[in-house]
Amino acid sequence: MTDQNPTQSFPENYFQRADGSDDRLFYTQPRLLVHIDDHAIAAIRSFFQEHLPQNATILDLMSSWRSHLPDGFLTEKVVGLGMNDVEMRENPQLDEWVVHDLNSDPHLP
Numbered sequence: 011m012t013d014q015n016p017t018q019s020f021p022e023n024y025f026q027r028a029d030g031s032d033d034r035l036f037y038t039q040p041r042l043l044v045h046i047d048d049h050a051i052a053a054i055r056s057f058f059q060e061h062l063p064q065n066a067t068i069l070d071l072m073s074s075w076r077s078h079l080p081d082g083f084l085t086e087k088v089v090g091l092g093m094n095d096v097e098m099r100e101n102p103q104l105d106e107w108v109v110h111d112l113n114s115d116p117h118l119p
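Heads up: the sequence shown begins at 11 in the numbering used here, then just goes up one per residue.
Okay, structure coming up:
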């Protein structure tokens with residue numbers, strides 16, 4: 011195993027942000043809306059159905075008010091990690107959640 015940066019094979023500009031302001035400013039107010047269209051939601055649900063084990067504990071990173079797990083998907087527990095408590099509180103698929111900014115502290119709590 012090497013200590014290579016997994017992003018080093020991409021040009022630097024691939025990871026430049028359009029808005030460099032602190033993410034906490036954006037997530038101060040809850041936004042109960044989806045940020046992807048219906049086709050993207052269907053695609054991610056299909057991906058989850060195919061690749062995530064059922065009856066497992068799922069960590070939903072960048073969690074919000076929707077986790078996009080497929081309808082009827084069986085889980086042991088779903089834990090959300092996101093930046094807005096109100097949004098995660100509204101997510102019916104989360105069993106528990108934690109508010110944490112991975113940009114300012116890139117370690118899982």
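Where a beta carbon is used, it is the ideal one built from N, C-alpha and C, also for glycine.
Residue from the options with nearest C-alpha to residue i
i	options	result
P102	L42, R34, N23 and L118	L42
Classification of residue i by the beta-carbon crowding that lies within 10 angstroms, buried from 16 upward
i	result
G90	buried
E97	buried
Collapsed DSSP secondary structure at residue i in the structure displayed
i	result
A50	helix
E100	coil
D33	helix
S73	strand
Cα-Cα separation, residue i to residue j
i	j	result
R27	I46	18 Å
S77	L104	8 Å
P120	H49	Outside the displayed range of the chain (11 to 119) lies residue 120, so it cannot be described from this structure.
P40	P21	33 Å
W107	N113	17 Å
A52	M72	18 Å
E60	S31	36 Å
Same chain, Cβ closer than 6 Å to residue i, neighbours up to 5 away in sequence not counted
i	result
D95	V109
S74	G92 and E97
M11	With a pLDDT of 47 at M11, under the threshold of 50, the predicted position of this residue should be treated as unreliable, and no value is reported.
L69	V89
Same chain, Cβ closer than 7 Å to residue i, five either side skipped, listed in chain order
i	result
E86	N65, A66 and T67
Y37	M93 and N94
E100	L42 and W75
D81	none
Residues near residue i in its chain [Cβ-Cβ closer than 8 Å; skip 5 each side]
i	result
L84	Q64 and N65
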